[in-house]
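Take a look at the structure set out below.
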Amino acid sequence: MTTPALSLDNVTCTFVSREDRGQRYTAVRETTLTIAPGEFVSVVGPTGCGKSTLLNVSAGLLSPSSGTVRVFGEPLEGINARAGYMFQAEALMPWRNALDNVIAGLEFRGVPRTDAVAQGEEWLRRVGLGGFGDRYPHQLSGGMRKRVSLAQTLVLDPDIILMDEPFSALDVQTRQLMENEVLDLWAARRKAVLFITHDLDEAIAMSDRVVVLSAGPGTHPIGEFAIDLPRPRDVAEVRNHPRFVELHAAIWDVLREEVLKGYAQQRKVA
Ligand SMILES: Nc1ncnc2c1ncn2[C@@H]1O[C@H](COP(=O)(O)OP(=O)(O)OP(=O)(O)O)[C@@H](O)[C@H]1O
1 MTTPALSLDN
11 VTCTFVSRED
21 RGQRYTAVRE
31 TTLTIAPGEF
41 VSVVGPTGCG
51 KSTLLNVSAG
61 LLSPSSGTVR
71 VFGEPLEGIN
81 ARAGYMFQAE
91 ALMPWRNALD
101 NVIAGLEFRG
111 VPRTDAVAQG
121 EEWLRRVGLG
131 GFGDRYPHQL
141 SGGMRKRVSL
151 AQTLVLDPDI
161 ILMDEPFSAL
171 DVQTRQLMEN
181 EVLDLWAARR
191 KAVLFITHDL
201 DEAIAMSDRV
211 VVLSAGPGTH
221 PIGEFAIDLP
231 RPRDVAEVRN
241 HPRFVELHAA
251 IWDVLREEVL
261 KGYAQQRKVA
């Protein structure tokens with residue numbers, strides 16, 4: 001068996017409770033999850049269940065309370081240097097133009113400026129922004145800014161890509177364009193992807209495998225589905241495939257109850 005790109009083994013994460021500082025809240029309980037090199041895995045679950053917590057653990061931004069995280073077989077200590085991240089929130093530096101945003105990570109690694117600029121321009125072209133390098137974030141649309149973020153992540157050539165609802169702020173059409181672009185780029189380079197979303201359609205359309213999480217507290221995987229739809233896929237067209245409809249029904253059957261539980265908990269807190 002090949003060594004997984006990323007493996008979470010029996011991971012539990014507890015936090016000091018926000019309601020009672022003397023108590024601990026178990027966000028994620030005994031979760032085991034592996035992603036093979038080149039595999040695209042989506043994690044879906046109800047709101048507030050612990051999806052971002054799992055991603056932060058995978059990124060090395062948060063140490064689990066117990067359990068282990070391995071990256072290509074090596075226990076993870078500190079930041080996951082083989083991973084690139086793309087989060088829901090905008091992460092562009094407003095005082096840098098698009099090109100300088102894309103190459104910031106390369107410069108941080110000590111890549112000479114001329115090499116970094118050449119790579120940055122190539123990535124801007126790949127994400128459809130050739131010639132936009134001198135624009136500042138405020139001069140770009142939301143979709144264009146997401147493209148810059150994508151180039152910023154991919155220019156570092158990470159073996160693992162961690163994405164936390166990266167397109168949730170976009171309108172439906174822009175979002176589908178971006179999803180297709182991500183699939184094209186992924187098909188060309190085949191990195192391991194951990195994609196967090198609450199959108200089941202998006203998860204099925206993009207992934208090789210969809211993992212369903214239970215509602216919290218003590219979130220853990222309760223279902224795993226291989227997405228055997230043909231590739232290459234167009235995320236809008238694949239939704240009409242009879243197998244897509246079957247998979248959607250099967251996964252929703254598992255997810256529905258948890259979404260209702262998560263919603264009830266949010267109402268209690270609110
Ligand atoms: N640093 C923290 N301290 C205390 N509680 C936290 C902390 N981080 C997360 N939590 C709690 O852990 C639970 C899981 O949070 P997390 O952000 O991982 O959920 P999520 O599934 O990504 O949410 P959403 O769907 O809203 O993005 C939530 O109840 C949250 O309030």
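Mapping to full-length UniProt numbering: the sequence shown position 215 is 215, numbers consecutive. Glycine included, C-beta positions come from ideal geometry on N, C-alpha and C. Model, not experiment: these values are computed from the prediction.
N-terminal and C-terminal residue of the alpha helix (DSSP H) that residue i is part of
i	result
Asn240	Taken as a continuous stretch (DSSP letters only), Asn240 belongs to no alpha helix (DSSP H), as it is neither H nor E.
Thr2	Run containing Thr2: none; DSSP gives neither H nor E here.
Met206	200-206
Arg82	Looking at the DSSP string, Arg82 is not in any alpha helix (DSSP H), and its letter there is neither H nor E.
Val117	113-126
Among the options, the one whose alpha carbon lies nearest that of residue i
i	options	result
Thr12	Asp208, Ser66, Phe40	Ser66
Arg233	Ser149, Gln176, Gly218	Gln176
Ile35	Gly45, Val28, Thr2, Arg29	Thr2
Tyr85	Ile227, Gly105, Arg135, Val28	Gly105
Pro64	Ala250, Val28, Trp123	Val28
Leu55	Gly73, Leu33, Gly142	Leu33
Glu257	Ala81, Gly216, Glu202	Gly216
Phe15	Leu8, Phe167, Arg24	Arg24
Glu224	Ser7, Ala5, Arg18, Val41	Val41
Boundaries of the beta strand (DSSP E) in which residue i is found, first to last residue
i	result
Arg189	Run containing Arg189: none in the beta strand (DSSP E); it sits in the alpha helix (DSSP H), 172-189.
Asp164	160-164
Arg24	24-35
Ala192	192-196
Leu92	Leu92 -> no beta strand (DSSP E), and no H or E assigned at all.
DSSP three-state assignment for residue i, whether helix, strand or coil
i	result
Ile103	coil
Met144	helix
Asn10	strand
Glu74	strand
Arg233	coil
Pro221	strand
Ile227	coil
Thr47	coil
Phe40	strand
Val254	helix
Val155	coil
Gly133	coil
Gly60	coil
Gly167	Note that residue 167 is Phe in the sequence shown, not Gly. Three-state DSSP puts Phe167 in coil, outside helix and strand.
Phe87	coil
Nearest-angstrom Cβ-Cβ length linking residue i and residue j, presumed shorter than 8 Å
i	j	result
Gln88	Asp164	6 Å
Val44	Val210	6 Å
Ala169	Phe132	Actually they do not touch by this definition, with Cβ atoms about 20 Å apart.
Val212	Val254	5 Å
Val148	Leu156	Actually they are not in contact, since the Cβ atoms of Val148 and Leu156 sit about 14 Å apart, beyond 8 Å.
Met206	Leu185	12 Å between Cβ atoms; not a contact.
- Query: Counting pairs of Cβ atoms below 8 Å between the stretch 46-54 and the stretch 115-131, do you hit three or more?
  - Reply: no
- Query: Are the stretch 187-198 and the stretch 147-160 touching by the rule of at least three beta carbon pairs closer than 8 Å?
  - Reply: yes
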